[in-house]
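Report on the following structure.
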Amino acid sequence: MGKRVAIIGAGVSGLAAIRCCLEEGLEPTCFERSTDVGGLWKFSDQAEDGRASIYQSVFTNSSKEMMCFPDYPYPDDYPNFMHHSKLQEYIKMFAQKKNLLRYIQFETLVSSIKKCPSFSVTGQWVVVTEKDGEQTSIVFDAVMICSGHHVYPNMPTDSFPGLDQFQGKYLHSRDYKGPEVFKGKRVLVIGMGNSASDIAVELSRQATQVIISTRSGSWVMSRVWDDGYPWDMVYVTRFATFLRNVLPSFVSDWLYVKKMNTWFKHENYGLMPLNGSLRKEPVFNDELPSRILCGTLSIKPSVKKFTETSAVFEDGTMFEAIDCIIFATGYGYAYPFLDDSIIKSRNNEVTLYKGIFPPQLEKSTMAVIGLVQSLGAAIPTADLQARWAAKVFTNTCTLPTTNNMMNDIDEKMGKKLKCMFCLFSFLRFGQSHTLQTDYITYMDELSSFIGAKPNIPWFFLTDPKLALEVYFGPCSPYQFRLMGPGKWDGARNAILTQWNRTVKPTKTRAVGKAQEPHHFCNLLKMLFLPVLFLAALLTLY
């Protein structure tokens, strides 16, 4: 009989965890407090306690070929960027196809996870659950926490003097569901992330006036890139990552400003980061610039204080007669069923080895899946994390010593201090409650731990066609099921046909054959000018 593993949450991370446990001969039991799978993507008309919440108009920012389970491509006719209902449909299809529903206990709340008295020897956990008013206590050999990080809203009300005197309504973006109730209102949106931008754009069609207040601005990026292809199919490539790692930062920044011709970055619109640097988290929104140009939405600096009816900004200007304030200020980290010291083992900071394993445990029998965020999709990241964790639980893979794990965390923290947030950076820890990482670097690192990292030199020798697509094409999830444990026989074909699935939903009127991007040629063109510039400098000196 395999080890018993408790999995908390049946979103995409939980489903990945169930499947990976089954692949390793473990016995998973998943506890889900709602009535269905999907987690964040299971839409509800009302925000529910303890569950992530999204608004009706949410679409994905990652394209379908980049955010699928690595052995389960989306149907050809699915749009590249999906409405939440379409993604939820896919998630349910995956759960049914892989026969995962039988391992999930729905409408079951996990109220407590504690070490067994014999934990130092057995590594076991006592998991207390509640259903229909009854509590049940079960001992598990390992635990995978997959409950996400979009649950507990961050409401920085203490940071805004006078907010307690404000007579209008204010709420967190978690409670926003649609624009109808804001028709004819004057609305202030605090924040400049994806949710803030989406909500502000949507409100600008119904409200009388909408203002976004942002402390530092942001780069605004379109989902549509070269030749109409999804941004991540063009940008998230191994060759592009190689360039970012080997070129000086000012050169790579310049190259990608030139390349990212769909970025909206003009300072006259008040969107650009204050220091003008690329090293700022981007916002994906295709409509924000046009709404500003149409005068239905405007950008203001941070709020200095509130009055009974107005907001006074740092530049001295005011937004008067405000009806509603929406705080799109992110989420805090919390696992109320778990002792905080396990995840935040030092200085109240999230302390996890590779963003997954608590390093101070005597036995490595707990894993946090899905806490890491990257400029890449959550589903393939969670899948690879769960594969590694399952192998650690079965002792197929071993972790370093506690000291070595802590040294690795300290190294990542040092890089974070040097570059508080870098779009192209490695892991960051500390004030953010999620851990952020460069997608390809992180995925290659995890896959190397389980023997599944794509061997690109070998592919160039044995399968050049595949090698070219793997290295110069998009780093799609199928790459991490090409070889090693968990290999999927369909991975090669999925990679070679990914562009066909990308263009299929757009070919509703035949006008000619779609051309795939010529990645290598485009990148050579990008490099030509800086090489010419360097050659001129060398000639002069």
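Whatever position you read off the sequence shown (first residue = 1), add 87 for the numbering used here. Each residue gets a CB set at the ideal place from its N, CA and C atoms; glycine is no exception. All values reported here derive from a predicted model rather than from experimental measurement.
Asked                                                                                                     : Found
Top-ranked residue by Cα proximity to V58, from L127, K202, M231                                          : Residue numbering for the chain in the displayed model covers 88 to 628; residue 58 lies beyond these limits and cannot be assessed.
Same chain only: Cβ atoms within 8 angstroms of S207, ignoring 5 sequence neighbours per side             : E449, K450
Burial state of R261, where buried means 16 or more other Cβ atoms lie within 10 Å                        : buried
First through last residue of the alpha helix (DSSP H) which encompasses V590                             : 585-590
Touch test, the stretch 451-459 against the stretch 476-486, Cβ-Cβ under 8 angstroms, three pairs minimum : yes
Per-residue burial, W586 [other beta carbons within 10 Å of its own, 16 or more giving buried]            : buried
Assigned exposure category for M320 - 16 Cβ within 10 Å defines buried                                    : buried
N- and C-terminal bounds of the alpha helix (DSSP H) containing F547                                      : 543-549
Exposure of I225, with buried meaning 16 or more beta-carbon neighbours within 10 Å                       : exposed
Start-to-end residues for the beta strand (DSSP E) that takes in I286                                     : Per DSSP, I286 belongs to no beta strand (DSSP E); it is in the alpha helix (DSSP H), 281-290.
Touch test, the stretch 250-266 against the stretch 407-417, Cβ-Cβ under 8 angstroms, three pairs minimum : yes
beta-carbon T195 near the ligand MN non-hydrogen atom, thresh 6 angstroms                                 : As far as ligands go, the structure on display features none, and thus does not contain the ligand MN.
With 16 other Cβ atoms within 10 Å as the buried cut-off, status of N167                                  : buried
T483 burial status per 10 Å Cβ neighbour count (16 or more: buried)                                       : exposed
Boundaries of the alpha helix (DSSP H) in which P467 is found, first to last residue                      : 465-480
Backbone CA spacing between I286 and G278 [nearest angstrom]                                              : 11 angstroms
Cα-Cα separation between G96 and R120, rounded to whole angstroms                                         : 7 angstroms
Nearest-angstrom Cα separation, counted from V213 out to D314                                             : 54 angstroms
C-alpha gap between H520 and T383, whole angstroms                                                        : Because the pLDDT at H520 is just 44, under 50, the model does not fix this residue reliably, and the value given afterwards should be weighed accordingly. Rounded to whole angstroms, H520 to T383 spans 34 angstroms at the Cα level.
Element boundaries [beta strand (DSSP E), containing R91]                                                 : 91-95
Three-way DSSP call (helix, strand, coil) for R273 in this model                                          : strand
Buried versus exposed, by CB contacts within 10 Å (16 or more), K574                                      : exposed
Burial state of Q133, where buried means 16 or more other Cβ atoms lie within 10 Å                        : exposed
Residue environment, V598, which counts as buried when at least 16 other CB atoms sit within 10 Å         : exposed
Every unbroken beta strand (DSSP E) inside the stretch 218-252 [3 residues or more]                       : 221-227, 229-232
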